[in-house]
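Peer 1:
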Amino acid sequence: MRSWPEDRVAFGGDYNPEQWPRNTWTDDIELMRRAQVSFVTLGVFSWSWLEPAKGEYEFDWLDEIMDRLAEADIAVDLATGTATPPPWFSLAHPQVLPVDHDGHTLWAGSRQAWCPSSPVYREYALALTTQLAQRFHEHPALAMWHVSNEYACHNLPCYCDTCAGAFRVWAERRYGDLERLNDAWGTAFWSQRYTAWEQILPPRRTTSFANPTHQLDYHRFGSDTLLDFFRAEKQVLGTLSPGVPVTTNFMTTTAFRLLDYHQWAPHQDVVSTDHYLLESLPDPRAELSFSADLTRGIAGGRPWLLMEHSTSAVNWQPVNRAKAPGQTLRDSLVHVARGADTLGFFQWRQSLSGSEEFHSALVPHAGPDSARFREVCALGEVAERFGELVGSTVEARVALLWDYQAGWAANGPAMPSQLLDYPLTGRLLHAALRRRGVTSDIVHPSADLAAYDLIVVPTLYLVSDEHAQAISHAAEAGAHVLVTMFSGIADGDDHVRLGGYPGAFRDLLGVRVEEFFPLPEGETVALDAGVAGRGGGEGRIWSEDLYAVDAEVTHRYASGPLRSRPAATRRVVGSGTASYLSTLPDEESLDGLLGDLLEAAGVTPAAVVPPGVEVVRRRSGERSWLFLVNDTDEPQQVAVTGHDLVSDTAVSGSHTLAPGGVAVVREG
14 MRSWPEDRVA FGGDYNPEQW PRNTWTDDIE LMRRAQVSFV TLGVFSWSWL EPAKGEYEFD
74 WLDEIMDRLA EADIAVDLAT GTATPPPWFS LAHPQVLPVD HDGHTLWAGS RQAWCPSSPV
134 YREYALALTT QLAQRFHEHP ALAMWHVSNE YACHNLPCYC DTCAGAFRVW AERRYGDLER
194 LNDAWGTAFW SQRYTAWEQI LPPRRTTSFA NPTHQLDYHR FGSDTLLDFF RAEKQVLGTL
254 SPGVPVTTNF MTTTAFRLLD YHQWAPHQDV VSTDHYLLES LPDPRAELSF SADLTRGIAG
314 GRPWLLMEHS TSAVNWQPVN RAKAPGQTLR DSLVHVARGA DTLGFFQWRQ SLSGSEEFHS
374 ALVPHAGPDS ARFREVCALG EVAERFGELV GSTVEARVAL LWDYQAGWAA NGPAMPSQLL
434 DYPLTGRLLH AALRRRGVTS DIVHPSADLA AYDLIVVPTL YLVSDEHAQA ISHAAEAGAH
494 VLVTMFSGIA DGDDHVRLGG YPGAFRDLLG VRVEEFFPLP EGETVALDAG VAGRGGGEGR
554 IWSEDLYAVD AEVTHRYASG PLRSRPAATR RVVGSGTASY LSTLPDEESL DGLLGDLLEA
614 AGVTPAAVVP PGVEVVRRRS GERSWLFLVN DTDEPQQVAV TGHDLVSDTA VSGSHTLAPG
674 GVAVVREG
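Per my numbering, the very first residue in the sequence shown carries number 14; after that it's consecutive.
(1) Return the chain-ordered list of same chain residues with a C-beta closer than 7 Å to the C-beta of L141, the five sequence neighbours on each side being excluded.
(2) Please go through the region 273-331 and give each complete beta strand (DSSP E) segment of 3 or more residues, from N-terminal end onward.
(3) What span of residues does the alpha helix (DSSP H) with M79 cover, start to end?
(4) What is the DSSP secondary structure of G681, counted as helix, strand or coil?
(5) Assuming S595 contacts A580 under a Cβ cut-off of 8 Å, what Cβ separation, rounded to an integer in Å, is found between them?
(6) Thinking C-alpha only, which one of T261, A379, W638 and P255 is nearest W317?
(7) My output table needs one value for V538: the three-state DSSP class, helix, strand or coil.
(8) When you compare the region 116-132 with the region 159-169, are there three or more beta-carbon pairs, one atom per stretch, that lie closer than 8 Å?
(9) Out of R218, S204, T226 and P216, point me to the one whose CA is closest to L194's CA.
(10) Which residue spans inside the region 369-410 form an unbroken alpha helix (DSSP H) run of at least 4?
(11) Kindly indicate which three-state DSSP category R569 falls into: helix, strand or coil?
(12) Give the single residue among A676, D661 and V651 whose Cα lies nearest to the Cα of S667.
(13) Give the DSSP bridge partners of G26, in chain order.
(14) So who's on the other strand from P579, going by DSSP bridges?
(15) The alpha helix (DSSP H) spanning A481 covers which residue range?
(16) Is L55 buried or exposed, if buried means 16 or more other CB atoms sit within 10 Å of its CB?
(17) Do you know offhand how far L639's Cα is from A676's?
(18) Relative to the C-alpha of V626, which residue among S430, G450, L402 and A268 is closest?
(19) How about S500 and T472: do their beta carbons lie closer than 7 Å?
(20) Just tell me which of Y172, G439 and E246 has its CA closest to the CA of R135.
(21) With a 10 Å radius around its C-beta and 16 neighbouring C-beta atoms as the bar for buried, classify R343 as buried or exposed.
(22) Tell me whether E19 is buried or exposed, calling it buried when 16 or more other Cβ atoms sit within 10 Å of its Cβ.
(23) Roughly how many angstroms separate the alpha carbons of A561 and L495, rounded to a whole number?
(24) Following the continuous beta strand (DSSP E) through W158, name the residue where it begins and the one where it ends.
(25) Report back the beta-carbon spacing between G439 and L467 to the nearest angstrom; my notes put them in contact at under 8 Å.
(26) Within this structure, are the beta carbons of G655 and R632 separated by less than 7 Å?
(27) Straight-line CA distance for A444 to D604?
(28) Provide the residue span of the beta strand (DSSP E) that contains Q650, from first to last.
(29) Where are the alpha helix (DSSP H) runs, 4 residues long or more, that stay fully inside the region 587-627, in chain order?
(30) One question on the structure: do T175 and S131 come within less than 7 Å of each other, judged by their Cβ atoms?
(31) Please state the DSSP three-state secondary structure of L365.
(32) Using DSSP with H/G/I as helix, E/B as strand and the rest coil, what is H668?
(33) Hey, out of G68, V22, P99 and H150, whose CA is closest to F58's CA?
(34) Any idea what DSSP makes of T260, helix, strand or coil?
(35) Please list, in chain order, all residues of the same chain as T669 whose beta carbon is under 6 Å from its beta carbon, the five residues on each side excluded.
(36) When you compare each of L432, D507 and M79 to E534 by their alpha carbons, which one comes out closest?
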């Protein structure tokens with residue numbers, strides 16, 4: 014057993030030697046040394062090689078590659094191999110195959126072809142985990158255990174009969190009796206009252222809209238079920254391989270929302286995640302920064318592991334764009350800027366065949382004599398120089414609240430507008446802060462808010478009384494709070510709070526909304542210049558019939574059915590303020606609104622930089638490092654003094670960032 018690399022930002026990725034002949038393994042180790050790879054993840058999809066028949070284990074090949082990696086001083090994040098069963102298992106136990114919303118069985122032939130509730134699958138998975146833990150606990154290459162892989166990516170939700178039975182058990186444990194369940198689910202509507210537990214089924218395809226709380230609880234059930242599965246494997250590892258840290262790779266991109274990672278994080282010895290650029294978004298790189306800040310928030314502000322991202326193109330989007338020269342380095346360092354102490358990629362060597370043969374890798378199809386591999390080697394050199402900042406934390410005075418369960422409820426059936434997708438408002442506000450050089454921690458509403466000067470509450474549709482009160486107390490204590498449309502609407506059972514929107518935040522904000530006026534796609538409403546008089550703008554997607562009961566009106570609607578009605582308000586609360594925004598303004602207007610709030614809160618950028626330069630600061634005691642990322646096509650000049658760890662050169666007074674260039678300056 015060895016320690017995780019701490020003298021550098023750990024650098025490496027998913028390694029699948031079983032896909033290659035043994036003579037390739039020698040070349041792999043040599044190239045890993047050349048690229049300064051310090052860790053690999055082994056065995057993620059190796060079950061069929063580890064157990065080719067029931068109870069017949071073949072570990073010789075894994076012994077050999079583990080020994081070779083130990084000799085090369087490369088740490089191993091060893092997977093339990095339980096992400097996907099071999100064909101013999103699916104043939105012997107077809108009842109384990111998952112079932113989709115329409116009742117169709119999802120057959121083997123891809124990955125994750127197993128029901129999350131299956132006791133049979135758990136039995137076999139724990140048996141394999143036991144064998145691996147017993148055999149490799151003392152191995153000198155082992156530094157971390159990697160349980161399963163990307164939970165819920167393909168097999169959740171499952172609607173099979175096994176899940177139906179498990180859901181009934183979960184519901185009875187949650188509610189205790191049917192009367193409480195009927196009340197929570199609002200089953201008086203549409204004659205849905207349950208009189209026996211066996212009547213409860215998953216929210217399968219039905220004639221019309223599903224019951225919203227039934228559907229919300231099925232999300233909770235799915236997340237809880239897989240978390241319980243993870244904990245079962247972790248318990249085996251803790252018993253048979255004590256002292257070795259355990260993780261599983263999250264997917265904190267905003268496109269994935271099936272698990273409540275805030276509930277999963279306390280069960281990880283270290284939080285790790287996968288991230289891939291979402292090219293369908295208007296600004297994929299802004300989402301990258303959002304995801305990194307979200308991962309740091311899930312990790313409680315502690316450094317985290319980037320287990321997977323890509324050197325270049327992926328293979329699963331409609332058009333899979335290659336990354337520009339230098340972008341592998343640039344994207345990687347944005348993750349490090351926002352808290353990652355490990356840079357992992359999928360995968361080491363690009364596959365010859367299979368479903369991901371056109372997914373990029375550290376060693377591309379073109380081989381080591383390629384521009385991409387030279388960039389990989391450059392990144393390895395930089396990662397080695399970053400040892401001094403490992404363990405440092407990211408500086409942030411702004412909190413942006415994020416709750417997976419609020420998102421499940423907000424995107425439930427029969428909502429006022431499908432255009433108001435839960436992550437949208439948060440991403441837009443985060444991007445506006447990023448443009449201003451302001452870093453935000455993306456945290457759960459239960460987080461300690463005392464350290465933040467500005468608290469942003471985007472579309473927090475579902476919120477508990479406790480969390481709403483904590484936000485109010487933060488404002489009274491001096492924080493400036495911004496709440497956006499469609500927040501505070503429902504309680505934990507997804508029951509609407511009566512008396513006018515925004516429900517839980519009505520008293521804090523001093524406003525009352527009587528009716529929503531969502532906007533059709535492409536339609537906008539004009540906004541007036543506001544009290545700051547900086548010129549008008551426009552709102553999109555959403556508007557509300559807002560009344561300022563005990564608040565100052567800062568902006569009004571200037572067109573549409575709500576013309577002259579309030580669009581945004583502000584209220585003094587204790588030694589802080591509480592502002593409300595009832596629409597999604599255009600980029601310039603949103604920047605101006607946040608600028609006013611940041612000024613009032615005394616929050617300044619990490620550094621003064623030109624437009625298009627992303628800036629973040631990490632700090633450890635008296636030492637600090639300024640990350641500068643040029644997202645423009647022109648050279649940019651930044652005032653800074655210190656030592657640039659990327660170019661390994663001194664910086665005195667100012668630093669020129671090349672187009673698409675990156676600098677990490679140890680300040681002082």
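Glycine included, each C-beta is placed from N, C-alpha and C at the ideal position. Note that the structure is predicted; figures quoted are calculated from it, not measured.
Peer 2: Taking the geometry as given:
(1) Correct list, in chain order: W60, L63, E64, T93, G94 and T95.
(2) Those beta strand (DSSP E) runs which fall completely within the region 273-331 and span 3+ residues are 285-287 and 317-321.
(3) Unbroken alpha helix (DSSP H) run through M79: D73 to E84.
(4) In this structure, G681 counts as coil in the three-state DSSP scheme.
(5) The pair is a contact, with the Cβ atoms about 6 Å apart (cut-off 8 Å).
(6) Check the Cα spacing between W317 and each of T261, A379, W638 and P255: the tightest is with T261.
(7) In the structure shown, V538 sits in a strand (DSSP, three-state: E or B).
(8) As far as the Cβ criterion goes, the region 116-132 touches the region 159-169, which means the pair count is three or higher.
(9) The residue with the shortest Cα to Cα distance from L194 is T226.
(10) Here the runs fully enclosed are 384-398.
(11) Strand, per DSSP.
(12) If we check each option's Cα against that of S667, V651 comes out closest.
(13) V53 and F358.
(14) Its beta-bridge partners are R569.
(15) D478 to E489 is the extent of the alpha helix (DSSP H) around A481.
(16) Flag for L55 reads buried.
(17) Between the alpha carbons of L639 and A676 lies a distance of about 8 Å.
(18) Cα-wise, what sits closest to V626 is G450.
(19) Judged by their CB atoms, S500 and T472 are nearer to each other than the 7 Å cut-off.
(20) Taking only the C-alpha atoms, the option nearest R135 is E246.
(21) Label assigned to R343: buried.
(22) Around the Cβ of E19, a 10 Å sphere holds fewer than 16 other Cβ atoms; the residue is exposed.
(23) Here the C-alpha atom of A561 lies approximately 15 Å from the C-alpha atom of L495.
(24) Per DSSP, W158 belongs to the beta strand (DSSP E) from L155 to H159.
(25) Contact doesn't hold; Cβ gap of about 14 Å is too wide.
(26) No. Outside cutoff.
(27) Our two residues, A444 and D604, have alpha carbons roughly 9 Å apart in a direct line.
(28) Counting along the chain, the beta strand (DSSP E) containing Q650 begins and ends at Q649 to V651.
(29) List check, alpha helix (DSSP H) in window: 600-614.
(30) With respect to the 7 Å criterion, T175 and S131 are classified as neighbours on the basis of their beta carbons.
(31) Three-state result, L365: coil.
(32) Three-state DSSP puts H668 in a strand.
(33) For the set G68, V22, P99 and H150, the Cα lying nearest the Cα of F58 is the one of P99.
(34) Strand at T260.
(35) Answer for T669: P648 and Q650, listed in chain order.
(36) When the alpha-carbon of E534 is set against those of L432, D507 and M79, the nearest one is in L432.
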